[in-house]
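Working notes, beginning with the structure itself.
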Amino acid sequence: MLCCEVVVPGPWWNGLTYSTDSPVAPGLRVAVPLGRGERIGIVRETRDLNEDKEAQFTLRPIKGVLDEYPIFPGRLWELFEWGGRAFLCGTGELLRIASPSSILDSTEPVSLMPPMDDLQVALTPEELFLYSCRQEERWLKYTDFLEGKRGFIVLFPEQELARKFWGDLPKAVRNETILWPSQGGKRLSAAWNTVRNEPLRGVVGGPGAVFAPLRYVDAIIVDEESSGAYRTYTKPLVNIRTLAGKRARLESASLLLSGRVPSSRVFLRGRLNSSERPKRESIRFAGIKEAFAASLRGIGDSMPLTSALFSETGLCLSSGRTVLWLLDRKGYAGEIACEDCGSAVRCRKCGASVVWEEKRGRTRCPSCGELRSMPEECPACRGRLLTGKRPGLEAVFPVARGLVNEGQPALLLDDLKATGKRRLREITDGLSRGGIVLGTRAALSLCDNLDIGFIAWLDADAEVRSVAYQAKFTVFSMVWESIWRGGSADGRVVLLQSRRPGSGWQRGVAQGWSAFWKQELSERRELELPPFSYLFEIKAHSAEQKAEILASLEGARMNPMDPGDPPLVIWLSATSVVPVREALAPFFSIARSRRGFPGICVWID
DNA sequence: CCACCAGAGCTC
DNA sequence: AGCTCTGGTGGC
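No gaps in the numbering here: position 160 of the first sequence is 160 in my numbering, and each next residue is one more.
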């Protein structure tokens, strides 16, 4: 009697076992019964039935085999298996984000070419690092690197950059290359089928392109490898850069890690060094203690607007260039506090401190997105005096509007992503004679399209990240990017307003990333933080489950930390993933479905 | 009488 | 988390 182990997408980690009359080759898709319904899974292996092991549940037969050949070419399947283990998400969850829905949702057959024979030339793969602030310089090197390569993947943190790089390729190369779509749907399906079946030379795209089913891969480039864009923000939580590195190793492909700044892990492993630093006159630090205290309606805190900010803004505007003011707080105020009892207004769903959106007369929870109307009184003490703290973009906007000259607009961009191409053109056209743009870090991408002569980080200390340990690097790399990004970086001035101007991580801005990482890594080594260990963020499904998980980890002689604040979260630091996976595996068995599955994020650097 | 929807129940 | 089955509601 034969059985198949099938990977069926879902939050569980284990493969599911089904009976089969005849052996099914690994990598083929099969339709299988699950619960009351039917699902599609990928065969991991066919083996003899092990009566003891399979006795705990009744085996059901496979409903049908959907493919003639393995659906994933080359070593891609191994990548999914590895990623599922490394990021504690299970192969199935990774499959879900890696494949178009046409493959996993519909039993329609997908036409597939047979796998390629192993005609791969076993060149010795290289691992190269390339760090330079000049994008043109890096891109030129990419073209050199791809010379003579027969199957390549080039990854960019943003789709727009990918499109630009692809568009700049020599026509002959572009014709044998595909621009990987950034979103799912029909376009992804089409691209997937083309790449899977046609003899293409390469794929260029955003992070998702790492999963392109190229049959032969001999080179992978990761641009801006330290960018946070390579981390997925919904389940499963994985680092695409790491997967790209693994894919290169699996396929024996050469790997080029590149960017303006290396990530901590790459810095450490590559023993990198750099003397690149900004010109003295292009970076300024200003203390907000001496700030001009602009009073803003309904806001208790004064907005940090320094004299340096006003003078540089004025200079830039009068030269007809555009000014960018950046602040990572949307809305009118980052917090609403009661003057009587001092407590902040919190989200009723998740307990986080809410943001005040004055324009729409409501509050928004920054962590769960819950919207509510602005409260009349303090929910804690019923006091009537609610004031905003930590002014946000909406509150500063009137100040910016007062500074622009005739014919220069002041724009408030809440959400650059939602604006699309047409809006982008409107923005760039409107700013042909300069103006002020206010936005969050996402607005930095405007450097690619606008002549930006001055960038101000209004509150460089603000760290609104969920994981505090890497907040310094996030801020550092964004500020670093703002110095160099785009064709208008020459002569640009960047201003950092903060409480401790020029100290701490800001020294690295003046001295370069080698100095930054040296300092930062000595602190992290001390605290056993990534890249010196892995950090696991485990979110239990219920309080009971949390207790069980804690007990299981402690039983395996690990030291989980219970921060107490987000109530269901557990933190764990470990030098290896394996024992953590073993301790957590019981909670990810399909048999536990009814109790709900925990969520896990693995921080590697 | 059936179309539609929310909630329950199940998962190798 | 999906997915389907169920039973109530309401439109005609």
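Where is the CB? At the ideal position from N, CA and C, for every residue including glycine.
Please name the residue in the options whose C-alpha comes closest to that of residue i.
i, options, result
"R271", "L128, I153 and R163", "L128"
"K149", "L268, V24, S252 and P366", "S252"
"W480", "A460, R499 and A468", "A460"
"S552", "N405, L495 and V580", "V580"
"L529", "V602, W457, V210 and M478", "V602"
"A510", "A468, K279, A337 and R422", "K279"
"P73", "V154, H541, W192 and R329", "W192"
"L28", "V65, R39 and S22", "V65"
"I62", "Q56, C89 and P33", "P33"
"G361", "R382, L256, A462 and I336", "I336"
"V8", "E45, S22 and M1", "E45"
"A543", "D144, R215 and G596", "G596"
"W325", "L550, T440, L431 and I97", "T440"
"G184", "D105, N239 and E126", "D105"
"P23", "P11, E5 and F152", "E5"
"F80", "R594, E281, L243 and M561", "L243"
"P100", "Q470, T194, F473 and E158", "T194"
"L49", "Y18, N273, T474 and P109", "Y18"
"Q519", "F267, C316 and E225", "F267"
Does DSSP classify residue i as helix, strand or coil?
i, result
"W571", "strand"
"T143", "helix"
"D168", "helix"
"A253", "coil"
"M478", "helix"
"C447", "helix"
"I40", "strand"
"L112", "coil"
"S19", "strand"
"I549", "helix"
"F87", "coil"
"Q135", "helix"
"V578", "helix"
"R456", "Residue identity differs from the one stated: residue 456 is Ala in this sequence, not Arg. Correct three-state label for A456: strand."
"I71", "coil"
"F57", "coil"
"R174", "helix"
"A543", "helix"
"L130", "strand"
"R524", "helix"
"L272", "coil"
"L79", "helix"
"R390", "strand"
Our contact map puts residue i next to residue j with C-beta atoms below 8 Å; I'd like the distance itself, whole angstroms only.
i, j, result
"L309", "A286", "7 Å"
"G92", "A162", "That pair is no contact at about 28 Å."
"V261", "W513", "5 Å"
"P366", "A344", "That belief does not hold up - the Cβ atoms of P366 and A344 are roughly 12 Å apart, past 8 Å."
"S482", "G453", "About 12 Å; that fails the 8 Å criterion."
"T313", "L403", "6 Å"
"V493", "R277", "Actually they are not in contact, since the Cβ atoms of V493 and R277 sit about 15 Å apart, beyond 8 Å."
"T387", "E339", "6 Å"
From which residue to which residue does the alpha helix (DSSP H) around residue i run?
i, result
"Q511", "W505 to Q511"
"T606", "A question about residue 606 goes unanswered here, because the residues of the chain that appear run from 1 up to 605."
"A400", "L393 to R401"
"P33", "Segment R29 to L34 is the beta strand (DSSP E) holding P33; no alpha helix (DSSP H) there."
"T91", "T91 to A98"
"D429", "G420 to G430"
"K63", "Careful: K63 lies outside any alpha helix (DSSP H) and carries neither H nor E."
"F267", "S264 to R269"
"I103", "S101 to L104"
Specify, as a first and last residue, the run of the beta strand (DSSP E) that residue i falls within.
i, result
"V154", "F152 to L155"
"W603", "G599 to W603"
"W325", "T322 to L326"
"S498", "V493 to S498"
"L535", "Y534 to K539"
"L49", "Taken as a continuous stretch (DSSP letters only), L49 belongs to no beta strand (DSSP E), as it is neither H nor E."
"E5", "L2 to V7"
"V437", "G435 to G439"
"R284", "I283 to G287"
"A591", "Per DSSP, A591 belongs to no beta strand (DSSP E) and is neither H nor E."
"L413", "A410 to L413"
Entirely enclosed beta strand (DSSP E) segments - the segment 331 to 382, minimum 3 residues: Listed in chain order, the beta strand (DSSP E) elements of length 3 or more contained wholly in the segment 331 to 382 are 333 to 338, 355 to 357, 362 to 364 and 371 to 373.
For the segment 176 to 257, which segments carrying the beta strand (DSSP E) assignment without a break, of at least 3 residues, lie completely within its bounds, in sequence order? Taken in chain order, the unbroken stretches of beta strand (DSSP E) that lie wholly in the segment 176 to 257 and span 3 residues or more are 177 to 179, 202 to 205 and 219 to 222.
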